[in-house]
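Each remark here refers to the structure printed beneath this line.
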Amino acid sequence: MNILDKIILEKKKAIKLATQKLPLENLLSLIKKAPKVRSFKRALSKKGILALIAEIKKASPSQGLIRSDF
């Protein structure tokens, strides 16, 4: 089993646990009651405002630790 297979297996376990805690029907009901989300495209394209998308990672699934003092 490679690292991606392990990630998939763990994610499937996490999804199963999450759906036991909050069934899909309940989740859909909460989504309907949630406030309207703002436009991602509009938020990034506002003039005069710095728009940034970033990902910060301590480790990579395939390469391991990137920086120990994260």
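For the sequence shown, my numbering assigns the number 922 to the initial residue and increments by one for each residue that follows. Cβ coordinates follow ideal geometry from the N, Cα and C atoms, glycine included.
Short of 7 Å in beta carbon distance, which residues of its chain neighbour R988, apart from the five on each side in sequence? Order them along the chain.
One-based indexing of the sequence shown puts residue 988 at position 67. K979.
Give the range of the alpha helix (DSSP H) segment to which N923 is assigned.
For the purposes of this step, residue 923 is taken as the residue at position 2 of the sequence shown. Careful: N923 lies outside any alpha helix (DSSP H) and carries neither H nor E.
Just tell me which of K934, L965, K933 has its CA closest to the CA of A975.
One-based indexing of the sequence shown puts residue 975 at position 54. Ranking K934, L965, K933 by Cα distance to A975 puts L965 first.
Since I believe S983 is in contact with I924 (beta carbons under 8 Å), could you give me their beta-carbon distance rounded to a whole number of angstroms?
To locate residue 924, count along the sequence shown from 1; it is residue 3. To locate residue 983, count along the sequence shown from 1; it is residue 62. I924 to S983, Cβ: 6 Å. Contact.
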